[in-house]
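These notes are about the structure you will find just below.
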Amino acid sequence: MSNPEQKEDKWNQEIPEVEFINVHKTFVNQTENVSVLKGIDGKVEKGTITTIIGPSGSGKSTILSLCNLLQTPDKGEVRIQGKAVQEWDIQELRRRVGIAFQAAPMINGSALENLTLPARLQGKTLEDPNTYMEYVGLTEDLLTREAKELSGGQRQRLSLARTLVNEPSILLLDEVTSALDSISAHEVEELILRINREHRTTILWVTHDLSQAERVGDQTWLVMDGKLIEASPTKVFFSKPNDTRTKEFLDMKREYI
19 MSNPEQKEDK
29 WNQEIPEVEF
39 INVHKTFVNQ
49 TENVSVLKGI
59 DGKVEKGTIT
69 TIIGPSGSGK
79 STILSLCNLL
89 QTPDKGEVRI
99 QGKAVQEWDI
109 QELRRRVGIA
119 FQAAPMINGS
129 ALENLTLPAR
139 LQGKTLEDPN
149 TYMEYVGLTE
159 DLLTREAKEL
169 SGGQRQRLSL
179 ARTLVNEPSI
189 LLLDEVTSAL
199 DSISAHEVEE
209 LILRINREHR
219 TTILWVTHDL
229 SQAERVGDQT
239 WLVMDGKLIE
249 ASPTKVFFSK
259 PNDTRTKEFL
269 DMKREYI
């Protein structure tokens with residue numbers, strides 16, 4: 019883990035790596051308009067891990083989707099490295115802002131075909147794919163295996179390796195360990211911490227696991243009903259929350275642990 023001096027340095031950045039300014043997002047279903055985000059304001063500093071918690075349907079995944087133009091805000095601005103997401107070339111944005119999902123989706127084909135996909139989409143050849151396999155703790159012989167035949171933990175690590183091909187400076191994680199057994203979840207968590215530590219990759223990590231959020235986060239956000247209720251350093255968030263709604267949410271969740 020980072021030493022205290024390194025962690026303190028994380029907070030002394032002039033331009034946030036990710037910034038949300040009065041962000042609103044509404045989705046239209048068959049019967050009504052559903053307001054999912056209602057004026058989100060928040061900053062994520064370079065090299066930090068921000069864990070995002072909250073009830074199901076509160077808007078956590080939508081926050082992530084706005085960071086690499088899977089969705090666009092209806093009102094307000096999302097800025098990546100000081101520039102509004104709509105001003106980025108979408109291919110360049112998605113090289114800089116990687117994303118990994120709970121299901122670790124794979125294309126039909128081998129692990130190698132999945133790993134090299136980002137390079138092939140850019141008309142390039144991936145040099146020494148085994149380097150990426152080794153980095154995420156996978157063996158070279160798995161490259162010839164069908165990706166969909168891999169275990170859940172192997173697929174999730176392959177998904178992260180595939181994301182790393184683009185050398186992203188920001189990594190969006192949506193419940194990436196929630197479908198894994200405890201051993202695989204621990205291994206994937208340690209891998210993500212290593213990525214953050216060695217590359218100063220900025221991470222936004224949606225998780226339903228409070229203990230995980232407390233373990234890995236530099237900063238923690240609570241999102242409820244489309245609003246950012248609290249954004250605090252993680253130690254403060256879990257020990258002395260500023261908002262009574264945060265305390266009530268933590269107390270309620272802990273009753274079921």
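Numbering of the sequence shown is given in the numbering used here, commencing with residue 19 and proceeding in unit increments.
All C-beta atoms in this analysis are idealised placements derived from N, C-alpha and C, irrespective of residue type, glycine included.
Whether Leu133 touches Tyr150 by CB criterion (8 Å): For this step, residue 133 is matched to residue 115 along the sequence shown. For this step, residue 150 is matched to residue 132 along the sequence shown. For Leu133 and Tyr150, yes; Cβs fall inside 8 Å.
What would DSSP say about Pro259, mapped onto helix, strand or coil? Translated into positions along the sequence shown, residue 259 becomes position 241. Three-state result, Pro259: coil.
Do Met242 and Ser76 have their beta-carbon atoms positioned less than 8 Å apart in this structure? Your numbering for residue 76 matches position 58 in the sequence shown. Your numbering for residue 242 matches position 224 in the sequence shown. Cβ atoms of Ser76 and Met242: closer than 8 Å.
For Met242: DSSP bridge partner residues: Indexing the sequence shown from 1 puts residue 242 at position 224. Met242 is bridged to Lys245.
Tell me Val96's beta-bridge partners as DSSP assigns them. Mapped onto the sequence shown, residue 96 falls at position 78. Answer is Phe38, bridged to Val96.
Would you tell me roughly how many angstroms separate the C-alpha atoms of Phe255 and Thr262, rounded to the nearest one? Locating residue 255 in the sequence shown gives position 237, where the first residue counts as 1. Locating residue 262 in the sequence shown gives position 244, where the first residue counts as 1. Phe255 and Thr262: Cα-Cα distance of roughly 11 Å.
Restricting to runs no shorter than 3 residues, where is the beta strand (DSSP E) found entirely within the segment 172-208? 188-192
Taking Cβ to Cβ, would you say Leu189 is nearer than 8 Å to Thr219? Position 171 of the sequence shown, counted from the start, is the residue given in the question as residue 189. Position 201 of the sequence shown, counted from the start, is the residue given in the question as residue 219. Yes, the Cβ-Cβ distance between Leu189 and Thr219 is below 8 Å.
Rounding to the nearest angstrom, what Cα-Cα distance links Asn30 and Thr157 in this structure? As a position in the sequence shown, residue 30 is number 12, starting the count at 1. As a position in the sequence shown, residue 157 is number 139, starting the count at 1. Per-residue confidence for Asn30 stands at a pLDDT of 48, beneath the threshold of 50, marking its modelled position as unreliable; no derived number is given.
Evaluate Pro123 with the Cβ neighbour count: other Cβ atoms within 10 Å of its Cβ, from every protein chain shown; 16 or more gives buried, anything less gives exposed. As a working note, residue 123 is residue 105 in the sequence shown. Exposed is the call here.
For Ile33, which residues of its own chain have a beta-carbon under 6 Å away from its beta-carbon, when the five flanking residues on both sides are left out? The residue labelled residue 33 in the question sits at position 15 within the sequence shown. Here the set comprises Gly100.
Can you give the Cα-Cα distance for Ile58 and Ser196, rounded to whole angstroms? Numbered from 1 along the sequence shown, position 40 holds the residue referred to as residue 58. Numbered from 1 along the sequence shown, position 178 holds the residue referred to as residue 196. Spanning the two alpha carbons is a distance of roughly 25 Å.
Are the segment 207-223 and the segment 42-58 in contact at 8 Å, needing three or more beta carbon pairs? no
How many angstroms separate the CA atom of Gly94 from the CA atom of Val41? Sequence index remark: in the sequence shown, residue 94 carries index 76 (1-based). Sequence index remark: in the sequence shown, residue 41 carries index 23 (1-based). Answer to the nearest angstrom: the Cα atoms are 4 Å apart.
Between which residues of its own chain and Asn21 is the CB-CB distance below 7 Å, once the five residues before and five after are set aside? The residue labelled residue 21 in the question sits at position 3 within the sequence shown. In this prediction, Asn21 scores a pLDDT of 48, lower than 50, which makes its location untrustworthy; the coordinate-derived value is nonetheless stated afterwards. Within the same chain, Asn21 has no close Cβ partners at all.
Nearest candidate by alpha-carbon position, reference Thr238, set Gln48, Lys43, Thr66: Against the sequence shown, residue 238 aligns to sequence position 220. The shortest C-alpha separation from Thr238 is found at Thr66.
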